[in-house]
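Asker: Just dropping this structure here.
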Amino acid sequence: MSVHVRFQVNGEVHELDAPDSRLLIDTIRYDLGLTGTKLGCGVGVCGACTVLADGKMVSSCLMLTAMADGSEITTIEGLAHDGELAPIQKGFIKYGGFQCGICTPGQILAAHALLQDNPRPSEDEIKEWMMGNLCRCTGYYKIIESIDRTAAGEV
Amino acid sequence: MSNPRPAVIGADVPRVEGIDKVTGHVTFVDNIEPPGMLHGMIRRSQVPHGRIRRIDTSRARQLSGVYAVLTGEDLLRMDIDPYIGPAFKDQAPLAIGKVRYAGDPVAAVAAVDRDTAEEALDLIDVEVEELPAVFDVQDALRPDAPLVCERLVPAGTFADLIELLGGGDVPATSNACFQYKLRRGDVAEGLRRSDRVFEHTFSNPPTQHSDLEYHCSIAQWEASNRLQVWTATQSPSYVRIMLANMFRLPESRVRVRVPYLGGGFGSKLYMKLEPLAALLALVAGRPVKIRLTRNEEFFTITKHGLVAKLTTGVTRDGRLLARDCQIMWDTGAYADIGPRVTHKSGYTSAGPYQIPNVRIDSFSVYTNKPPAGAFRGFGIMQVCWAYESQMDIIAREMGWDPVEFRLKNVLREGDVQATGTVVHSLGLDQCVRAVADAVAWDYREASAPHPTGDGARHLVRGKGVACSMKAVITPSVSAATVLVHSDGSASVLSSSVEMGQGSDTALCQIVAEELGARLQDVAIVHPDTDVTPYDLITAGSRTTFHMGNAVRMAAIDARSQLWPTAAELLDAAPDDLTAQDGRVWARTASDRSLTHGQIMMARFGGRAGTIEGHGLFETHHGSTDLDTGQSDRVTAHWMCGATAAEVEVDTDTGQVRIVNLATAVDVGNAINPFACRQQIGGASVQGTGPALLEEMLFEAGQLTNPSFVDYKIPSFLDLPDRLQPLTVEDPHPDGPYGAKGIGEAGIFAIAPAIANAVADAVGARIPSLPITPEKVLRAIAPP
C-alpha cells in the first residue's frame, strides 16, 4: 500500500507516493536527498534524526512519511537563509558544540526549537530540553555553552 | 628558514569543517550511493557456540530482488584468502565451520532494498549443533574448558607485535591466545622486603563504543579487477592492504576512500564490513552497501572486559617496592586487536610509578562473546581502573594522603620505566597537582563520611584522584604530501581520518604555519588510498605527533621548492625569507612582499604547474627481550593524564552524582588549545559512562541490552555539575612544535577517580565497574 503525501520541506512543496511503512527519515534522506538528518538508534532515543514538523521536534526515525502529510518540515539544511547561518549554528561553531558532526543536525534543531520556546533558558532547562539528544564526542558541556551564549546574543 | 613567529600554531582557530558540520553538509559514507547500488544485510547466529551443520539458502536465492546470497562455505569455494583478523587469522567475514558467539555472522544477502534483504534473511535456514560454551575469562582458562578457537595462525601484520612475528599455525592448547610478559627486578624478594603487602582483584565488564555513526561500507568492482571501497574506517591504509591480500590483487588496484567519520573511538579500526561488502558486490555484479543497525553494533566490536589481580608491596616511608600484575583480558570469540591491547597496555600495567620490582603476566582470552578490540586508550582505561583503585586502598589503609602518595612515586624525567625504557617529557607530576588544585584537594585522614544533606536525605561527599600514562604505538609510519597549486593555495594529502578529533584543522594549521599561508587557502584531501600516502592508523593518539610531523616535513619540502623563485624576485637569499598570512617577504626588506600565487606564476610562467612536497615520519622500536619485555625504547613518546573527582552519594538510594570532575592532560605544546580542551572534556564525560552506567549484560551468552533504550550512555542529565578540562604543557622534542598526542589521555583515569571519591564518601570500596546504585547500597550495608 502506498499513500499520497503532500508536504513542505524547508519551504519547498513535495508531493510523492510513499509506501505506508516508509519512515520519514528514509524519505528525507534517500528520496529527497537531504542527508543532513542522521539515523542514530532507530528507536527514538538518541535524537540524531530530529527534524521540526510545524516547528515541533519529532524523531523522523519513528514517524511515518504518511503522517507528515500537510506538515511543514524543517531539516538542518533549512535553517540557514540566503547563505546566512542561523544564530544557533554560529553559536555551535564559536563555542565548539560539535565534534564528529553526526548528532549535530539533531542537536542544532533541538536547540533551535528550545530557543523558539524559551528564548533565555537556564542551564537546567537546557539539559531538560536536550536530554533526548545523545552525543558521544563533546561531553555536552560545549553544546550547553553554545546554546546559552546564543541565547545571550553572543554569537 | 624556520619561521620565528608562530602565527597559526597555538591559536584557537575554529574548525575548518565547522560550517559544513552545522549545516549538515559534510559527507559520511551512508550519504554515498553509486548507481545500481544494492543493500547488504547479515544473518547472525542465535547460539553462542556450535558446529554449523547446514545452511539452506535456496528460498532466499529465489526471492525477487535478491542478487547475492553468501555463506562461509561459499567463501571457501572462491579464489580468496577468507581469513581476516589483525592479530590472528581467526575470523572470516562469515563463520566457517563453527559459530563462536550469539551474533556471529553466518550468511549475508544483497538485495534491491533493505526490506527485500531482510525478507531474504528470514528465508535462510540455519542448522547449528550446539557446543559447550565459555562466557567468563576465569572459566575459559580452566584445563577442561571447551576451546573457542582450535588453531592459532598469527596474521604477521604488525611490526610492534613482536611476539607474533614468528608466524606458524599451531593447535591451541588453551583459550589464552596471547601472553604479554614483563620481568623487572625480583618481585618475590621485593614483596618479602616490603612492610605491607596488598592483594586485590578488580574487574570491569565489556562495554560498547556507541559512536553515533553506524559501521557502513560500500564496495564497487570496476573493469579489470579494480576494487573501490568507501568505508567508515579509522584505518584506510590497512584496509587497502588487507583487501589486496584477500582478493590477491596488487594494492594499486584497491582504492579505499573515507569521507568524514562519525566517531570511532577504536570501533572502526582494521577490517569490519569491507570484505563482506566486496564479496557481495563481486557475486552480485553491482555495488553493495552494508550499513549496520544500532543493535548490530553491539555484536560487532566491544571494549574488553578485564579481571586484574594486583599484589603490591610498600615500605613504611611510602614507596612502592614491588608489584605483581596478573591480568586477563576477555577478547571474546575473535581476537580482533586484543593481543595488541594486551601488549600495549602491558607496558604500563603496573602504573605510572617508579617500582624497582615488577612482574606482569597479561593474557588475551577467548570466550563465546562478541569480539573485543580497540577502545580509546587501548586497554589503559582498564588497567588504570585496577592499579589506581589499589593505590587508593593502600594510601587510605596506610594513612597517607592519596595525592602525596602518588606524587612520591610517579615517574619523572630520566626515571627508568618498568619496560627498561627511560622516561622523557612526561608531565604527570604537573597533571596530578593541577587536578588536585582544581577540586581544592583536602585530604582528611580516616575517611569519615562527610554529610552534606539536610538530614532528611543522607547525602555524603568525597574526593578522589587517579592518574595514568601510556606509550604511543611504536614503530609506526605516517606519510603525507602537500600540493601547492597555480594560485598558491595548498592541498594536504593525508590518510589520517577526521572523526571529530579535529585533525583536519590541526594539520591545516601546521601546513599554513610552514608555508606562511592563510588557513582558508589550505584544504585537506580526505583519505583516498589512490592519492593519499600511507598512514598506520588514526588511533592511539598518534595523528598530531606522527601525521603532524609528516605534513610539516611535506610543507617544508614544498616551501623549499618555492622559495628560490621568491628569493630571486625579492632580491634576497632564500634563508632570509619569511612568510605569514599568504605573503612572503625578506626580513631585511619587509616593504616588498609576494603572494604564493605570484611566486607560482613566476615559477611556471603563467597560471600553471604544481609544487609537490613530501613528508615521511617513522618511529623505531628498540630491541626487546621476549622473556622480560625489557627494551631501551618501547615507545616514541609517553602520554599522560590525571583526574580528580568530587562526588555526592545518596546513602538511601546509592545514587552517585559527580559534583566536580577535573582532568588534566600533558599536551606537549598545544597546536590548538581550544580543540585540546574539547578532546579532554569530551573524553572525561565519555569516561563517566563505563564508570557509572555502561555494561553489556549477558545471560547464557545472549546479550540482553543491545539498544540505547537498555544500554545507557551518558546524556545531558548525567553531566558533572562542574567539568574542568585542563592542559599541562611539557613540550616533546620530537613532536611538531613540541606537541604530543592527547585524544585518549583524558579518559584513562575517570573511573578510578570517581570510585576513589565514592570510597572517600561512603568508606566502602566497589571493585567492579560500573558503580551502580545497587552496588553502592550493598557496599554500605552488606546483607
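The listed protein sequences correspond, in order, to chains F and V.
Under the numbering used here, residues 43 to 197 are what the first sequence spells out, in order.
Under the numbering used here, residues 11 to 793 are what the second sequence spells out, in order.
Positions of the beta carbon are idealized from the N, C-alpha and C atoms, including for glycine.
#1: Over the uninterrupted alpha helix (DSSP H) stretch that includes V:Asp447, give me the two end residues.
#2: Relative to chain V, which residues along the region 170-182 of chain F have a C-beta separation below 7 Å, given in chain order?
#3: What are the start and end residues of the beta strand (DSSP E) that includes V:Thr653?
#4: Pull out every residue of the region 144-162 of chain F whose Cβ sits closer than 7 Å to any Cβ of chain V, in chain order.
#5: Using the rule of at least 16 other Cβ atoms within 10 Å of the residue's Cβ for burial, across every protein chain shown, is F:Met43 buried or exposed?
#6: Quick one: grab the DSSP three-state call for V:Asn559.
#7: So V:Ile764 and V:Leu713 are supposed to be a Cβ contact under 8 Å. How far apart are they, rounded?
#8: Specify the secondary structure class of F:His46 as computed by DSSP and reduced to three states.
#9: Give me the Cα-Cα distance between V:Gly472 and V:Pro412, rounded to the nearest whole angstrom.
#10: Find the nearest neighbour of V:Cys159 within the set V:Phe98, V:Pro115 and V:Ala198, judged by alpha-carbon distance.
#11: Nearest CA to the CA of V:Phe795: which residue from V:Tyr453, V:Asp425, V:Met391 and V:Gly430?
#12: Which whole-angstrom value is the C-beta distance of V:Leu736 and V:Ala672, which I expect to be below 8 Å?
#13: Is the beta carbon of V:Arg258 sitting closer than 7 Å to the one on V:Arg236?
#14: With 7 Å as the C-beta to C-beta threshold (strictly closer), list the residues of the region 671-695 of chain V near chain F in chain order.
#15: How big is the Cα-Cα spacing for V:Ala565 and V:Gly632?
#16: From what residue to what residue does the alpha helix (DSSP H) around F:Lys184 run?
#17: For V:Asp411 and chain F, any beta-carbon pair shorter than 7 Å?
#18: Determine, for V:Val36, whether the minimum Cβ-Cβ distance to residues of chain F falls below 7 Å.
#19: For F:Pro61, which residues of its own chain have a beta-carbon under 6 Å away from its beta-carbon, when the five flanking residues on both sides are left out?
#20: Tell me the DSSP secondary structure of V:Met611 in three-state form.
#21: So which residues of chain V does F:Val85 contact, with C-beta pairs closer than 8 Å?
#22: Determine the chain V residues that contact F:Leu127 at a beta-carbon separation under 9 Å, and present them in chain order.
#23: For V:Asn13 and V:Ile757, I'd like the C-alpha separation in whole angstroms.
#24: For V:Asn419, name the three-state secondary structure that DSSP assigns.
#25: Output, in chain order, the set of chain V residues within a Cβ distance shorter than 9 Å of F:Ile118.
#26: If we cut at 7 Å on Cβ distances, does F:Thr77 have a partner in chain V?
#27: How about V:Val445 and V:Ala652: are their beta carbons less than 7 Å apart?
#28: Run through the DSSP bridge pairs and tell me what V:Arg54 is partnered with.
#29: What residues in the region 203-232 of chain V have a beta carbon less than 7 Å from any beta carbon of chain F?
#30: Listing by chain order, which chain F residues have their CB less than 8 Å from the CB of V:Ile723?
#31: Do the CB positions of V:Met51 and V:Ala127 come within less than 7 Å of each other?
#32: Below 7 Å on C-beta distance, what does V:Asn41 contact in chain F?
#33: Measuring straight from C-alpha to C-alpha, what distance separates V:Thr554 and V:Ala516?
#34: Are the C-beta of V:Leu733 and some C-beta of chain F separated by less than 7 Å?
#35: Which chain F residues are close to V:Leu331, counting only those with a beta carbon under 8 Å from its beta carbon?
#36: Taking Cβ-Cβ distances below 9 Å as the criterion, which residues of the region 259-286 of chain V are in contact with chain F?
Answerer: Based on what the coordinates show:
#1: Along the second sequence, one-based indexing puts residue 447 of chain V at 437. Segment Leu438 to Ala448, the alpha helix (DSSP H) holding V:Asp447.
#2: Met172, Met173, Leu176, Arg178, Cys179, Thr180, Gly181 and Tyr182
#3: Taking the second sequence and counting its residues from 1, one reaches residue 653 of chain V at position 643. Segment Trp648 to Asp660, the beta strand (DSSP E) holding V:Thr653.
#4: Within the region 144-162 of chain F, the residues whose Cβ lies closer than 7 Å to any Cβ of chain V are, in chain order, Ile144, Cys145, Thr146, Pro147 and Ile150.
#5: The residue you call residue 43 of chain F lines up with position 1 of the first sequence. By the 10 Å Cβ count, F:Met43 comes out exposed.
#6: Stepping through the second sequence from its first residue, residue 559 of chain V is reached at position 549. In the three-state reduction of the DSSP assignment, V:Asn559 falls in the helix class, which pools H, G and I.
#7: Here residue 764 of chain V corresponds to residue number 754 of the second sequence, with the count starting at 1. Here residue 713 of chain V corresponds to residue number 703 of the second sequence, with the count starting at 1. About 25 Å; that fails the 8 Å criterion.
#8: The residue labelled residue 46 of chain F in the question sits at position 4 within the first sequence. Strand.
#9: For the purposes of this step, residue 472 of chain V is taken as the residue at position 462 of the second sequence. For the purposes of this step, residue 412 of chain V is taken as the residue at position 402 of the second sequence. Their Cα atoms are separated by approximately 13 Å.
#10: Your numbering for residue 159 of chain V matches position 149 in the second sequence. Taking only the C-alpha atoms, the option nearest V:Cys159 is V:Phe98.
#11: In the structure displayed, chain V extends from 11 to 793; residue 795 of chain V sits before or after that span and is not available.
#12: Here the question's residue 736 of chain V lines up with position 726 in the second sequence. Here the question's residue 672 of chain V lines up with position 662 in the second sequence. Contact holds; Cβ gap of about 6 Å.
#13: Taking the second sequence and counting its residues from 1, one reaches residue 258 of chain V at position 248. Taking the second sequence and counting its residues from 1, one reaches residue 236 of chain V at position 226. For V:Arg258 and V:Arg236, no; Cβs fall outside 7 Å.
#14: Listed by position, the residues of the region 671-695 of chain V near chain F (Cβ gap below 7 Å) are Phe684, Gln688, Gly691, Gly692, Ser694 and Val695.
#15: The residue labelled residue 565 of chain V in the question sits at position 555 within the second sequence. The residue labelled residue 632 of chain V in the question sits at position 622 within the second sequence. So the two alpha carbons sit approximately 29 Å from each other.
#16: As a working note, residue 184 of chain F is residue 142 in the first sequence. Here the alpha helix (DSSP H) through F:Lys184 covers Tyr183 to Ala193.
#17: Indexing the second sequence from 1 puts residue 411 of chain V at position 401. No, because no Cβ of chain F sits closer than 7 Å to the Cβ of V:Asp411.
#18: To locate residue 36 of chain V, count along the second sequence from 1; it is residue 26. It does: the Cβ of V:Val36 has a partner Cβ on chain F nearer than 7 Å.
#19: Working through the first sequence from its first residue, we reach residue 61 of chain F at position 19. Here the set comprises Ser44.
#20: Residue mapping note: residue 611 of chain V aligns to position 601 of the second sequence, counting from 1. DSSP places V:Met611 in helix when its eight states are reduced to three.
#21: Translated into the one-based positions of the first sequence, residue 85 of chain F becomes position 43. Close to F:Val85, with beta-carbon spacing below 8 Å, are these residues of chain V in chain order: Arg304, Ser717, Phe718 and Val719.
#22: Taking the first residue of the first sequence as 1, we reach residue 127 of chain F at position 85. Per Cβ cutoff of 9 Å: Ile29, Val32 and Thr33.
#23: The residue given as residue 13 of chain V occupies position 3 in the second sequence. The residue given as residue 757 of chain V occupies position 747 in the second sequence. With a pLDDT of only 42 at V:Asn13, under 50, the local geometry of the prediction cannot be trusted, and no value is derived from it.
#24: Numbered from its first residue, the second sequence carries residue 419 of chain V at position 409. Looking at V:Asn419 - three-state DSSP - the assignment turns out to be helix.
#25: Mapped onto the first sequence, residue 118 of chain F falls at position 76. Within chain V, the residues whose beta carbon sits less than 9 Å from that of F:Ile118 are Val32, Thr33, Gly34 and His35, listed in sequence order.
#26: Mapped onto the first sequence, residue 77 of chain F falls at position 35. True, the Cβ-Cβ gap to chain V drops below 7 Å.
#27: Here residue 445 of chain V corresponds to residue number 435 of the second sequence, with the count starting at 1. Here residue 652 of chain V corresponds to residue number 642 of the second sequence, with the count starting at 1. For V:Val445 and V:Ala652, yes; Cβs fall inside 7 Å.
#28: Taking the second sequence and counting its residues from 1, the one referred to as residue 54 of chain V is at position 44. The partner list for V:Arg54 (beta bridge, DSSP) reads V:Pro115.
#29: Ser220, Asp221, Leu222 and Glu223
#30: Here residue 723 of chain V corresponds to residue number 713 of the second sequence, with the count starting at 1. Going along chain F in sequence order, the residues near V:Ile723 (Cβ under 8 Å) are Leu176 and Arg178.
#31: Position 41 of the second sequence, counting from 1, holds the residue named residue 51 of chain V. Position 117 of the second sequence, counting from 1, holds the residue named residue 127 of chain V. Yes.
#32: Here residue 41 of chain V corresponds to residue number 31 of the second sequence, with the count starting at 1. Neighbours of V:Asn41 on chain F, chain order: Thr77.
#33: For the purposes of this step, residue 554 of chain V is taken as residue 544 along the second sequence, with counting starting at 1. For the purposes of this step, residue 516 of chain V is taken as residue 506 along the second sequence, with counting starting at 1. Their backbone Cα atoms lie some 7 Å apart in a straight line.
#34: As a position in the second sequence, residue 733 of chain V is number 723, starting the count at 1. Yes - at least one Cβ of chain F is within 7 Å of the one on V:Leu733.
#35: Counting from one through the second sequence, the residue named residue 331 of chain V turns up at place 321. Result: empty, since nearest Cβ-Cβ is about 39 Å, beyond 8 Å.
#36: Tyr270, Leu271, Gly272, Gly273, Gly274 and Phe275
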